[in-house]
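K.L.:
In this text, residue positions in the sequence shown follow the working numbering: the first is 1, and each later residue adds one. The beta-carbon is built from N, C-alpha and C at its ideal position, and this holds for glycine as well. Here you go, one structure.
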Amino acid sequence: MKLFVGITDSGWFKQLQEMRPDEVNFWKPGSSGGFGVLQPGELFLFKLHSPNNFIVGGGHFVRFSRLPVSLAWEAFGEKNGVKDLRSFHERISKYRAGPREADPNIGCIVLSQPFFFDRDDWISAPVHWPRSTVQGKSYELNSVEGASILQDLKTRLGLPLGINQVAENRYGMEYAVRSRLGQGAFRVLVTEAYSRRCAITGEKTLPVLEAAHIRPFAEKGPNAVVNGVLLRADMHKLFDSGLISISPDHKILVSSQIEGQYTNGKLYYSYQGQSLRVLPEEARERPNSEFLEWHNQNVFVA
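Now the structure itself:
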């Protein structure tokens, strides 16, 4: 098991420290490369740029995704560590070479349950931190430096973060599927689970795809992949209004009310009784049958 110490700037940190959000997007300005260091649930820590060589907070890794800036803003807003979309573009341009793009792709490291230390609680960077480090460095929890960082976190957070206790927590895909997530993480996880395609139509145009809750958050539905389905925007509206639903065996249900109210709907009725075109490859990420049944009984208007 590992933790990762990522380098960030003080502006990003200060805004999020003031917000105290439930999730953050630790973004990377480049459009290439990924982030395969951590498993979901492992610790990702924030270190300020030199000369402020301190660890100042962190969060739990959820997922890496590459998204257009516009979608990253829609999903996370100020949780990107910037005040508005214009500032987001300006911050990204500061770190990117070449001509400015209208809507560039960026790397998004999604973190849940973030924490931010006051100045007196900052942790000194590891003694042997390489000066040439650009993005960050990982540490095994059973290494001397990794165990030392973990102990410092335990002291500041007042949590039982010893190696034995950490090992008992859910990690890997189990964390991403079952842990309480923010709205932004929900959108990213559902989008990736459905391979960036609408479950009903197979549409691949990312800007028109939306992560729909099966049981709404306002009705005690969780931000969990199993309570989500990726839909084209028009299908999402019909789904939320009860004019389309999905049966527990993943068949598409279309309400007679579409024709009754709008004297139209031929396109939508062509999907009646069909199986979903796209489902997550991982069975544990597929829609929970209880949530689908709830939607059938409480939202769908046959």
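Could you give the distance in angstroms between the alpha-carbon of Asn169 and the alpha-carbon of Ala302?
P.N.:
Translated into positions along the sequence shown, residue 169 becomes position 169. Translated into positions along the sequence shown, residue 302 becomes position 302. Because the pLDDT at Asn169 is just 48, under 50, the model does not fix this residue reliably, and the value given afterwards should be weighed accordingly. Looking at the two C-alpha atoms, the distance is approximately 43 Å.
K.L.:
Within the chosen definition, does the region 287-302 reach the region 203-215 through at least 3 CB pairs nearer than 8 Å?
P.N.:
Yes, the region 287-302 is in contact with the region 203-215.
K.L.:
In chain order, what residues of the same chain lie with their CB nearer than 6 Å to the CB of Pro114, ignoring the 5 residues before and after it?
P.N.:
If you number the sequence shown from 1, residue 114 lands on position 114. Closer than 6 Å at the Cβ level, and outside the excluded window around Pro114, lie Val24, Gly59.
K.L.:
Which residue comes first and which comes last in the alpha helix (DSSP H) that contains Lys94?
P.N.:
For this step, residue 94 is matched to residue 94 along the sequence shown. 85-95 is the extent of the alpha helix (DSSP H) around Lys94.
K.L.:
Less than 9 Å between the beta carbons of Gly182 and Ser112, yes or no?
P.N.:
In the sequence shown, counting from the first residue as 1, residue 182 sits at position 182. In the sequence shown, counting from the first residue as 1, residue 112 sits at position 112. Closer than 9 Å, so yes.
K.L.:
In its own chain, which residues sit with a C-beta less than 7 Å from the C-beta of Leu38, not counting the 5 before and 5 after it?
P.N.:
Within the sequence shown, residue 38 is the residue found at index 38, counting from 1. Correct list, in chain order: Lys2, Phe4, Phe44, Phe61.
K.L.:
Are Leu267 and Arg63 closer than 9 Å when you measure CB to CB?
P.N.:
Counted from its first residue, the sequence shown places residue 267 at position 267. Counted from its first residue, the sequence shown places residue 63 at position 63. Taking 9 Å as the Cβ cut-off, Leu267 and Arg63 do not qualify as a contacting pair.
K.L.:
State yes or no: is the C-beta of Val254 within less than 9 Å of the C-beta of Gly242?
P.N.:
For the purposes of this step, residue 254 is taken as residue 254 along the sequence shown, with counting starting at 1. For the purposes of this step, residue 242 is taken as residue 242 along the sequence shown, with counting starting at 1. It is not a contact, given that the beta carbons lie outside the stated cut-off.
K.L.:
Which residue marks the beginning of the beta strand (DSSP E) containing Ser212, and which one marks its end?
P.N.:
Position 212 of the sequence shown, counted from the first residue, corresponds to residue 212. The sequence given here places Ala at residue 212; Ser does not occur at that position. Unbroken beta strand (DSSP E) run through Ala212: 209-213.
K.L.:
Within 10 angstroms of the Cβ of Gly41, are there 16 or more other Cβ atoms? Answer buried if so, exposed if not.
P.N.:
The count along the sequence shown starts at 1 and reaches residue 41 at position 41. Answer is buried; the Cβ neighbour count reaches 16.
K.L.:
Rounded to the nearest angstrom, what separates His250 and Gly273 at their Cα positions?
P.N.:
Numbered from 1 along the sequence shown, position 250 holds the residue referred to as residue 250. Numbered from 1 along the sequence shown, position 273 holds the residue referred to as residue 273. Each residue's alpha carbon lies about 9 Å from the other.
K.L.:
Beta carbon of Tyr262, beta carbon of Thr201: below 9 Å?
P.N.:
As a working mapping, residue 262 is identified with position 262 in the sequence shown. As a working mapping, residue 201 is identified with position 201 in the sequence shown. Contact flag unset, no.
K.L.:
In this structure, what does DSSP give as the bridge partners for Gly6?
P.N.:
Stepping through the sequence shown from its first residue, residue 6 is reached at position 6. Gly6 is bridged to Phe46, Gly136.
K.L.:
Return the first residue and the last residue of the alpha helix (DSSP H) that Gly146 is part of.
P.N.:
On the sequence shown, position 146 is the one that residue 146 refers to. 144-157 is the extent of the alpha helix (DSSP H) around Gly146.
K.L.:
Tell me, please, whether the region 139-150 touches the region 10-22 by the rule of three or more beta-carbon pairs shorter than 8 Å.
P.N.:
As far as the Cβ criterion goes, the region 139-150 does not touch the region 10-22, which means the pair count is below three.
K.L.:
Kindly identify the DSSP beta-bridge partner or partners of Lys28.
P.N.:
Position 28 of the sequence shown, counting from 1, holds the residue named residue 28. Partner(s): Gly107.
K.L.:
If you run the structure through DSSP and keep just helix, strand and coil, what is Glu282?
P.N.:
Counting from one through the sequence shown, the residue named residue 282 turns up at place 282. In the structure shown, Glu282 sits in coil (DSSP, three-state: anything other than H, G, I, E or B).
K.L.:
Residues in the same chain with beta-carbon distance under 6 Å from Leu238, minus the five sequence neighbours each way, listed in chain order, please.
P.N.:
For the purposes of this step, residue 238 is taken as the residue at position 238 of the sequence shown. Counting only Cβ-Cβ distances below 6 Å, and skipping sequence neighbours, we find Ile244.
K.L.:
Looking only at its own chain, which residues have a Cβ that is under 8 Å from the Cβ of Gly6, when we skip the five neighbours before and after it?
P.N.:
As a working note, residue 6 is residue 6 in the sequence shown. Closer than 8 Å at the Cβ level, and outside the excluded window around Gly6, lie Phe26, Phe44, Leu45, Phe46, Lys47, Ile109, Gln135, Gly136.
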